[in-house]
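A.B. asks: There's a structure below that I have some questions on.
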Amino acid sequence: MLECFIAEDSKIKDGVNIPTLVFKTLHDRYFKTQYFDSYYNSLKCKKKLVEINNVHNSYYIDSEKFCQEAYDWFVENQ
């Protein structure tokens, strides 16, 4: 696995280059909102940030919100 990160021709070093949907939970117990912002801002590809005013596992509690956003993103970027 380490080879994926240190190999001279590693594709991982190129970063993310496909359309990327990022969910930012505003009340996440593991990640601060700044983490999501930093990750999102580091992306150089087509991207979308969706803020969810809920906790880290709200994808399970309120899955319809996540599923609809993901569906719309997939349709837009197929």
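Be aware that the sequence shown starts at 60, since it is given in the working numbering, and climbs by one per residue. All residues carry an ideal CB built from backbone N, CA and C; glycine is no exception.
1. Would the segment 92–107 count as touching the segment 72–79 if we require 3 or more Cβ pairs under 8 Å?
2. What residues in its chain sit with their C-beta under 6 Å from that of Y89, if we drop five residues either side in the sequence?
3. Which residues bound the alpha helix (DSSP H) around K103?
4. May I ask which residues mark the beginning and end of the beta strand (DSSP E) holding F82?
5. Decide if T84 is buried, meaning its Cβ has at least 16 other Cβ atoms within 10 Å, or exposed.
C.D. replies: This is what the structure holds:
1. yes
2. H115
3. No alpha helix (DSSP H) contains K103, which DSSP labels as neither H nor E.
4. 79–86
5. buried
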